[in-house]
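Novice: In this note's numbering, the protein residues as written are 1247 to 1973.
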C-alpha cells in the first residue's frame, strides 16, 4: 500500500475509533464446537478494508487539489518541490443501521448503471462500502470552494445577502427537474408497483403516534386550524385503513427510480452564466418507488418547511395553541418568498406532463397524500430537536393536506362503493320506474296525472289525512345530474366561475344567482328499520324515508308544528355513465308516526293512499319498528341557468344548479361529517332534446371543475361519511 493510502487508513482509523466510542453491543459470532463469544471490532481492519476497495477503484477519481511548496538547500536538481495531494471525500458510519450501506450501494448502482449519462453523472462517486456492522461508505465530496452550493442555501441566503430572483429560482428548479424526470422516464417499469401503504400511510401513522407520545398537543382530537375545523387525525387514518383496497386504484401503474429525499438541502448546484450542474446526495435506499413522493418532498419544503424554519426577518413564524378540554385551536402564520408559487407550479406542471405521458390518471390525488406524508413526518424530529413551534406549524400544514386527500377519497369511495342500475342515456323513463308508476296508478285512489312548476311529471291522489295547505300525496318523476367535487380546488374554481359569470354566459347559458337569506335551507331527519339486517334496511338499498324537521321559505313542501313534510325516495336509475339519474319520490304531509302506524296495519292488497304502503308494493319494506338514524342539514347556493335571447338578453330558465353544503350527523354513533354536492335539474318538462342538453352540460361542468357523478341518495352519502353505512 502506498503512502497516500496509508495516511488515509490512519485518518479513517481515528474517525472509526471515535465513532465506536459510542457504546454499542459487541459483534457476536459462533465458532464450531464453542459457545457464543464476543468479537471486538478492529477499527484499523475496517479502515484497511475500505481503503483497499477505494484504491482498487481508482481513488481519488475527482480532480484532486495539490499544494506545491518549493524546497531548497543542498539540492542540485533544477526543481525540487513538495507536492501535497488533497482528495476531499465524505465518510459515513453507522454501527447498527444497515440502510446506510444500502444507501451507498444504491448510489453506486445508479452511477454505474445504464440510465442516461446525464442522470448518472448527477450522482456522486461512491468509493467504498462496508455491508456489515459497523456499516460505512466513502463518497465523493463537493466543496463550496469549487462552487458547489445547495439549492436550500440559494433559496435562503445568509443574512445580508440579496434574495434569489424569481426567474433564477425557477431556472434552477427546472434544471433539477430535467435531471429527475430524465431518470423517471428512462426507468419506468410496469412490472413492479409502489406501495402507497408503506410509502405514505404507514409513515403518517407512525410519525403522528410518535409526535403525540412526545407532546400531548399532537394527540388525536377535534382541531381548529386557522379557524377551519378538522376531524381527529385518527378518523382520517381510519378512513385510509378502511380504504386500503381502494388506494390500489390510485397507485401509479408503474414504478421508477427515485431519490427518496430530494429536498433542496440534498440538491447541490454549481452554476455559471450559461450552465447549471446538479448533484443528488443523501438519498433513501429505496432505489425505486413513486416519482410523486420525490416531487412532494421538494414542494413541501418550498411551500412550508423552508419558510417555517428559515423565515425572513420581515415574515416571522407566529404560532398559538389553545387547549379546550377535548378539542384544540391551532393558529399559525408565516410568510412565503415571491418565488414560491412559480417554483411549485413548475414542479406540478412537469408532474402533470409526465403523468399524462405514462397514463398516471390519479397523480393529483396521490400528490395530496404525498404532501401529507412528508409534512406529518416532520413534527416528531422537530420536537426532539426542541423546536415545538415549527413542529406545530408543520403539523397544521400536514393535517390540512391529509383532510384534503380524505375529502377527495370520500367522494371517490361514494362512486366506488355503489353502482346504480343502468339505463340507456336517451331513456326518459327507465323500465323499473315506469313499472312503479303503473303500479301506483293501479293501487292509489283516484290518481290524476300532472306536472309541477319545475316540469316534473307527477301522480297525485288525496291523502288519508288532509292538511292545511291542501296538498295532495304525490309521486314525482325527476331527472337531475348529481355530481360531487373531488377536490376543494375544483369546487373553489366552480364558485369563482359562477360568481364571475353572474349575468354573463357560462358556456351557452347565462348565470343568475337566486337571492337567499342566510341560514340553513332545511333540516331533515332520516329513518330506517330498527335492528334490521343490513340487507333489509332502507338506506343501503338506496331507499330513503325523510322527515323534514325544519324548513325555509324556499321549500315547496313545508313543515308546521303539527305535521311534517315527508318524503320516500325509491332506488334511482343512472343513465349510463353520464352523471344524470332518473328517480321517483313520494311527497306528502302528515305525522310520520301516524303514517307508519297506518302502514303496519294495512294490507298488501287493495287500494291504499299510504305512500309507504305503495312503496312496499314496489320494493320490499319491513313492518318492524323504525328509528331516526341521521340528521341532515343543508345550506344551499342556488343558480338559474338561462338561455340567451335573440338580442343577448336573459331568456327563460333552462336548468337550476344547486351547490348543497351538507352537515350530517349519525344519531347512533354521533359522528359528524360534511360534504358538498352539485345538483343540476331541468326547469321545464323533460323531453329527449332537453335530456341530452342536461347530459352534455353536466359532463362539461364535471370535466372543467374536477367533478364526478354520484349515483346515490343523499342519505346514503350521509351514512357513508358518518360510518353509519358500515354499522
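Ideal Cβ positions, reconstructed from N, Cα and C, are used throughout, including at glycine.
Just so you know, these numbers come straight off a predicted model, no measurement behind them.
Assuming residue 1870 and residue 1781 form a contact by the criterion Cβ under 8 Å, report the distance between their Cβ atoms to the nearest whole angstrom.
Specialist: Not quite, the Cβ-Cβ distance comes to about 14 Å (not below 8 Å), so this is no contact.
Novice: Given this structure, state the Cα-to-Cα distance separating residue 1910 from residue 1960, to the nearest angstrom.
Specialist: Cα to Cα, the separation comes out at about 10 Å.
Novice: With DSSP as the reference, label residue 1945 as helix, strand or coil.
Specialist: In this structure, residue 1945 counts as helix in the three-state DSSP scheme.
Novice: Note down, one range per segment and in chain order, each beta strand (DSSP E) of at least 3 residues found wholly within the region 1770-1804.
Specialist: 1790-1796, all fully within the region 1770-1804.
Novice: Can residue 1725 and residue 1819 be called in contact, C-beta distance under 8 Å?
Specialist: No.
Novice: Can you tell which of 1740, 1810, 1798, 1748 has the C-alpha that lies nearest to the C-alpha of residue 1772?
Specialist: The residue with the shortest Cα to Cα distance from residue 1772 is 1810.
Novice: Do the CB positions of residue 1813 and residue 1833 come within less than 8 Å of each other?
Specialist: Going by C-beta atoms, residue 1813 is nearer than 8 Å to residue 1833.
Novice: Going by C-alpha to C-alpha distance, which of 1851, 1957, 1482, 1530 sits closest to residue 1968?
Specialist: Nearest option by C-alpha distance: 1482.
Novice: Between residue 1575 and residue 1846, what straight-line distance do the alpha-carbon atoms span, to the nearest angstrom?
Specialist: Going from the Cα of residue 1575 to the Cα of residue 1846 covers about 50 Å.
Novice: In the DSSP assignment, the beta strand (DSSP E) including residue 1506 goes from what residue to what residue?
Specialist: No beta strand (DSSP E) holds residue 1506; DSSP gives it neither H nor E.
Novice: What three-state label does DSSP hand residue 1278 in the structure shown?
Specialist: Its pLDDT being 42, under 50, residue 1278 is placed unreliably by the model, and the measurement read from it follows with that caveat. In this structure, residue 1278 counts as coil in the three-state DSSP scheme.
Novice: Kindly list the residues whose CB is nearer than 8 Å to the CB of residue 1359, restricted to its own chain and excluding five residues on each side of it in sequence; keep chain order.
Specialist: 1366.
Novice: Between the alpha carbons of residue 1669 and residue 1864, how many angstroms are there, rounded?
Specialist: Each residue's alpha carbon lies about 18 Å from the other.
Novice: Does DSSP put residue 1678 in a helix, a strand or coil?
Specialist: DSSP places residue 1678 in helix when its eight states are reduced to three.
Novice: So for residue 1741, helix, strand or coil by DSSP?
Specialist: Note: residue 1741 maps to helix in three-state DSSP.
Novice: Could you check whether the Cβ of residue 1542 sits closer than 8 Å to any Cβ belonging to chain B?
Specialist: Note that chain B does not occur in the displayed structure, where there is just one protein chain.
Novice: Considering only heavy atoms of the ligand MN, does any lie closer than 7 Å to the CB of residue 1463?
Specialist: In the structure on display, the ligand MN does not appear, and there are no ligands present to speak of.
Novice: Restricting to Cα atoms, I'd like to know which of 1672, 1740, 1385, 1351 is closest to residue 1933.
Specialist: Among 1672, 1740, 1385, 1351, the Cα nearest to that of residue 1933 is on 1672.
Novice: Curious, which full-length beta strand (DSSP E) runs of at least 3 residues does the region 1336-1402 contain?
Specialist: Qualifying beta strand (DSSP E) stretches, in chain order: 1372-1376, 1381-1386.
Novice: Hey, residue 1878 and residue 1774: beta-carbon distance below 8 Å or not?
Specialist: No; because the gap between Cβ atoms is not below 8 Å, this pair is not in contact.
Novice: Check residue 1730 in the structure and name its three-state DSSP category.
Specialist: Here residue 1730 sits in strand by DSSP.
Novice: Tell me whether residue 1921 is buried or exposed, calling it buried when 16 or more other Cβ atoms sit within 10 Å of its Cβ.
Specialist: The residue is buried, with at least 16 neighbouring Cβ atoms inside 10 Å.
Novice: Is the region 1729-1748 touching the region 1943-1954 in the sense that three or more CB pairs, one from each, lie closer than 8 Å?
Specialist: Yes, the region 1943-1954 is in contact with the region 1729-1748.
Novice: Please state the DSSP three-state secondary structure of residue 1699.
Specialist: The answer is coil: DSSP assigns residue 1699 none of H, G, I, E or B.
Novice: Hey, how far is the Cα of residue 1970 from the Cα of residue 1485?
Specialist: Whole-angstrom Cα-Cα distance: 13 Å.
Novice: Indicate whether the contact test is met: 3 or more Cβ pairs, each with one atom in the region 1438-1454 and one in the region 1604-1620, closer than 8 Å.
Specialist: Flag = yes, the region 1438-1454 and the region 1604-1620 touch.
Novice: Mind listing, in chain order, the continuous alpha helix (DSSP H) runs of no fewer than 4 residues lying wholly within the region 1570-1614?
Specialist: With a minimum length of 4 residues, the continuous alpha helix (DSSP H) runs that stay inside the region 1570-1614 are 1586-1604.
Novice: Using the Cα positions of residue 1795 and residue 1768, report the straight-line distance between them to the nearest angstrom.
Specialist: Approximately 8 Å, taken between the alpha carbons.
Novice: Check whether the region 1496-1506 and the region 1594-1609 are in contact - that is, three or more C-beta pairs closer than 8 Å.
Specialist: Yes, the region 1496-1506 is in contact with the region 1594-1609.
Novice: Pop quiz: residue 1578 and residue 1642 are said to be a contact at Cβ under 8 Å. What is the actual Cβ separation, rounded to whole angstroms?
Specialist: That pair is a contact at about 6 Å.
Novice: Which residues in the same chain have their Cβ closer than 6 Å to the Cβ of residue 1307, if we skip the five residues on either side of it in sequence?
Specialist: At residue 1307, the pLDDT of 41 sits below 50, so the modelled position is not reliable and the matter cannot be decided from this model.
Novice: Reducing DSSP to helix, strand and coil, say where residue 1848 ends up.
Specialist: Correct three-state label for residue 1848: coil.
Novice: May I ask you to list the residues that DSSP assigns as paired with residue 1902?
Specialist: Its beta-bridge partners are 1886, 1927.
Novice: Closest by CA to residue 1762, which one among 1904, 1376, 1391?
Specialist: Taking only the C-alpha atoms, the option nearest residue 1762 is 1904.
Novice: For residue 1844, which residues from the same chain have a beta carbon less than 6 Å from its beta carbon, with the 5 sequence-adjacent residues on both sides left out?
Specialist: Contacts found: 1856.
Novice: Measuring only the C-alpha atoms, how far is residue 1815 from residue 1558?
Specialist: The straight-line gap from Cα to Cα measures roughly 58 Å.
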